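These notes are about the structure you will find just below.
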Amino acid sequence: MFIFHPILQSLAILTALYALSLGIPRFLLMHLEKKIHFNWQLHVRVGAIALVLLFLGMLGGLYVVRVSWGDVLITGAHAFVALSLLPLILFGLGSGAYMDSSKRRRRVLPLLHGICNTLIVLLALSQIYTGVYIYRSYVLGL
């Protein structure tokens, strides 16, 4: 049961890193005026999958901690960072879905979308460190 959450989040983070790499050409095209191809549809699909996986992994982590230890906040910073990711994930999904459903040239919303999702990836990467600490301390008792 304890292994489900880190496996799902690892898959989610790898998927998010791929989505981020697919979004970089959009930034280069729109803000640095580089002539580069942006694979819009693949970025949309991979990004949505990554954000949904991160959300499901968060729910899985909250469930495992609640069932195992009775209090979801017992993991401290790990729980607080996870909960702070929720509005960012919702904005990332919402802004991405809006831009995909209403295609036109924009500068500000894609920039905010990219900043938000880059922050999500950075926070998710930081969760690896705190997650390993929690696993070692609470599960393995080291």
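Just so you know, we're using the numbering used here here: the sequence shown kicks off at 35 and counts up by one.
Beta carbons are placed, not taken as given, at the ideal position from N, Cα and C, and that holds for glycine.
Please read these numbers as outputs of a predicted model, since none were measured by experiment.
Taking 9 Å as the cut-off, decide whether the C-beta atoms of residue i and residue j are in contact.
{"i": "Asn-151", "j": "Leu-85", "result": "yes"}
{"i": "Leu-146", "j": "Tyr-132", "result": "no"}
{"i": "Gly-81", "j": "His-39", "result": "no"}
{"i": "Leu-63", "j": "Leu-76", "result": "no"}
{"i": "Gly-148", "j": "Arg-60", "result": "yes"}
Using alpha carbons as the reference points, say which of the options lies closest to residue i.
{"i": "Leu-88", "options": "Ile-162, Ser-171 and Lys-68", "result": "Ile-162"}
{"i": "Leu-93", "options": "Gln-43, Leu-127, Trp-74 and Ile-83", "result": "Gln-43"}
{"i": "Arg-170", "options": "Ile-58, Leu-66 and Thr-109", "result": "Thr-109"}
{"i": "Val-173", "options": "Gly-128, Val-98 and Asn-73", "result": "Val-98"}
{"i": "Arg-79", "options": "Leu-66, Arg-141 and Gly-130", "result": "Gly-130"}
{"i": "Arg-141", "options": "Ile-37, Leu-66, Phe-36 and Leu-54", "result": "Leu-66"}
Near residue i, what residues of its chain come up, given a Cβ to Cβ distance below 6 Å and the 5 sequence neighbours on each side ignored?
{"i": "Lys-68", "result": "Leu-62"}
{"i": "His-71", "result": "none"}
Near residue i, which residues of its chain fall below 7 Å by C-beta distance, leaving aside the five closest residues on each side in sequence?
{"i": "His-112", "result": "Gln-161, Thr-164, Gly-165 and Ile-168"}
{"i": "Leu-96", "result": "Val-106"}
{"i": "Leu-176", "result": "Arg-170"}
{"i": "Leu-153", "result": "Leu-122"}
{"i": "Ile-83", "result": "Thr-49"}
- Query: For the region 97 to 108 against the region 40 to 52, are there 3 or more C-beta pairs whose distance is under 8 Å?
  - Reply: By the criterion of at least three beta-carbon pairs nearer than 8 Å, the region 97 to 108 is not in contact with the region 40 to 52.
- Task: Report yes or no: do the region 132 to 140 and the region 115 to 124 share at least 3 C-beta pairs separated by less than 8 Å?
- Result: Taking a cut-off of 8 Å on C-beta distances, the region 132 to 140 does not touch the region 115 to 124, as fewer than three cross pairs fall below it.
- Query: Contact between the region 111 to 118 and the region 144 to 162: three or more CB pairs below 8 Å?
  - Reply: Output reads yes: the region 144 to 162 touches the region 111 to 118.
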